[in-house]
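Numbering (the working numbering), first residue to last: 10 to 615. One structure below.
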């Protein structure tokens, strides 16, 4: 019996033990490689250092050539169990094949494990530096994330002191972020350098981007928060300032409102009210601008203060609105005072107009009754004219007196000397106007009805004669010869106007004739209306004849113009017509010649 046969059991145990260890080594190696190359896992540097050390330990003899040779050699031994070394049983062959297959499977697995392991060995040092980098930036990143969080978390300061506290906190956040700048820039430089290594860890790019974004957001958000708080502080300050400042124009308007009163001198009233309106507009503008600022600030601070403070702030704004009601009260009172002053001005001006009318009428009446140059007819005529005016003006006195009483009440007269003076001036005017109207009526009352009719007759004839002479001269002058249709139309208008003027003046002559015929006792003087009527008939006949002739001329000229345009149109169409109708052209041309001859003849008769 050989040594191997005697110790077969021991050898087989050793062989199996070494085979198991070989398999365990590959299991461990495969697990470590997987840990190193895990895509979605990021270790701490300490954790990865342990993994790296394990990998180093497992890969000291990566090829395992000695182990593979020994196992291969021992396989030959453990597969021979018979006493005769030269004879191999079928059972040994089967056992050997099985064990050989198991060993080959391990060797194949080993061969397949080599490339990823060698790749991992090439990357593990860089990965270690990446994980060390990740540990190094963790504190800076954590600080930046905390500052970013503080810059975006909701805050609701609802008074100026709380806003100032938040500003101090925002200053500290900005200072903290800025204090990380040097460390951040150094770490970013390291990270960028690591990124250039082709064997860098997969997480490195995302990690650096995260740090860059966090740095950017922490910077921006902290400054945005600080700016927002500073603006809010300004708005809080402006809000409180305006709520206090608006009392200035409000109190001034309240004082002005107490001083508003009626003015009984309309000129002074207009001036004073204009001044008061100017003050009102100026103070209203101030109050409006302040309210606009308050509301604008409110829109900013309510966002920061939050809904809990909304009711309180709304009440503060509502209190300001309530104070501003004095603005409309002042305007309503001023409108009434302006309305009163406008009525008083209208009434006073009306009184002055009557006084201004009465003064020259009084002087005219004095002249009429004392002048030796006026004929009796002219005197009668002038007095009757004054009477007509007085009959229009005098009825205005009593309604005007009622207006004065309505505007200047007993209470007004008791408390205002100006009101007394305004009323006294009217009483003086009223008495004077009444006296003038009565004097005119007295003089008119002494004139008999026949005298009135005869005066109307004489005055009518006197007014008609100058026009009659002018009209006769006009009708003797030859009419101008128009050179075109426009001039002809203008001539027709002149003739029609003169014809209308004849009719208008005939009415005046007829009125004079009716006045003479209305006298109970007829005058022995010559009735000039008859002779003037005959002369008017001649002028009217000539005027109507002119209108008729010029109208015919206009019609003829218009027809000629129309026919000429038609002929021109037809002539221009000839080049574009295959079979022009010459007969129609000749007919239109003949019509044009006929109208032209007629126009020429009419021009000689005008």
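Glycine included, C-beta positions come from ideal geometry on N, C-alpha and C.
Spatial neighbours of residue 412 within its chain, please: CB distance less than 7 Å, with the 5 preceding and 5 following residues excluded, ordered by chain position.
-> 356
Do the stretch 408 to 422 and the stretch 241 to 259 make contact, defined as three or more Cβ pairs closer than 8 Å?
-> no
Excluding the 5 residues preceding and the 5 following residue 307 in the sequence, name in chain order all residues of the same chain whose CB lies nearer than 7 Å to its CB.
-> 248, 322 and 326
Report yes or no: do the stretch 431 to 446 and the stretch 473 to 492 share at least 3 C-beta pairs separated by less than 8 Å?
-> no
Consult DSSP for residue 283 and reduce its assignment to one of helix, strand or coil.
-> helix
Pick from 436, 352, 451 and 320: whose alpha carbon is nearest that of residue 371?
-> 451
For residue 5, name the three-state secondary structure that DSSP assigns.
-> With the chain represented from 10 up to 615, any question about residue 5 goes unanswered, as that position is not in the structure.
Span separating the alpha-carbon of residue 222 from that of residue 211 | 18 Å
Which word fits residue 92, buried or exposed, when buried means at least 16 other C-beta atoms lie within 10 angstroms of its C-beta?
-> At residue 92, the pLDDT of 37 sits below 50, so the modelled position is not reliable and the matter cannot be decided from this model.
Mapping DSSP to helix, strand and coil, what is residue 404?
-> helix
Can you tell me where the alpha helix (DSSP H) with residue 241 in it begins and where it stops?
-> 212 to 254
C-alpha gap between residue 295 and residue 241, whole angstroms = 23 Å
What three-state label does DSSP hand residue 163 in the structure shown?
-> coil
Counting only runs of 4+ residues fully inside the stretch 395 to 453, write out the alpha helix (DSSP H) ranges in chain order.
-> 406 to 416 and 419 to 424
Excluding the 5 residues preceding and the 5 following residue 504 in the sequence, name in chain order all residues of the same chain whose CB lies nearer than 8 Å to its CB.
-> 488, 552, 555, 556 and 559
Around the Cβ of residue 138, are there at least 16 other Cβ atoms within 10 angstroms (buried) or fewer (exposed)?
-> buried
Ignoring anything shorter than 3 residues or poking outside the stretch 308 to 341, list the beta strand (DSSP E) runs there in chain order.
-> none
State yes or no: is the C-beta of residue 393 within less than 8 Å of the C-beta of residue 470?
-> no
Between residue 160 and residue 234, is the Cβ-Cβ spacing less than 8 Å?
-> yes
Residue 265 and residue 281 closer than 8 Å at C-beta | no
Excluding sequence positions up to five away, which residues of its chain have a Cβ less than 6 Å from the Cβ of residue 273?
-> 425, 427, 428 and 431
Spatial distance of residue 459 from residue 405 (CA atoms) | Its pLDDT being 47, under 50, residue 459 is placed unreliably by the model, and the measurement read from it follows with that caveat. Rounded to whole angstroms, residue 459 to residue 405 spans 30 Å at the Cα level.
Buried or exposed: where does residue 26 fall if 16 or more other Cβ atoms within 10 Å of its Cβ makes it buried?
-> exposed
For residue 692, which three-state DSSP category applies?
-> For residue 692 there is no data in the structure shown, the boundaries of the chain being 10 and 615.
Excluding the 5 residues preceding and the 5 following residue 145 in the sequence, name in chain order all residues of the same chain whose CB lies nearer than 7 Å to its CB.
-> 196
Residues of its chain near residue 457, where Cβ-Cβ distance is below 7 Å and the 5 sequence neighbours each way are ignored | Confidence is the limiting factor: at residue 457 the pLDDT is only 49, short of 50, which leaves the residue's position unreliable, though a coordinate-based value still follows. Around residue 457: no qualifying Cβ.
Considering only C-alpha positions, which residue in the set 170, 549, 201 and 359 is nearest to residue 506?
-> 549
Three-state secondary structure (DSSP) of residue 272 | coil
Using the Cα positions of residue 292 and residue 330, report the straight-line distance between them to the nearest angstrom.
-> 15 Å
Taking residue 518 and residue 539 to be in contact with their CB atoms under 8 Å, please state how far apart those CB atoms are, rounded to whole angstroms.
-> Incorrect: roughly 10 Å between the Cβ atoms, too far for contact.
Residue environment, residue 70, which counts as buried when at least 16 other CB atoms sit within 10 Å | For residue 70, the predicted structure reports a pLDDT of 48, less than 50, and the residue's modelled location is therefore unreliable. The matter cannot be settled from this model.
Could you round the C-beta distance between residue 448 and residue 396 to whole angstroms and report it? I think they count as a contact, below 8 Å.
-> That belief does not hold up - the Cβ atoms of residue 448 and residue 396 are roughly 11 Å apart, past 8 Å.
Out of 474, 561, 185 and 502, state which residue places its alpha-carbon closest to the alpha-carbon of residue 543.
-> 474
What are the boundary residues of the alpha helix (DSSP H) that includes residue 202?
-> 190 to 204
Helix, strand or coil for residue 181, going by three-state DSSP, please let me know.
-> helix
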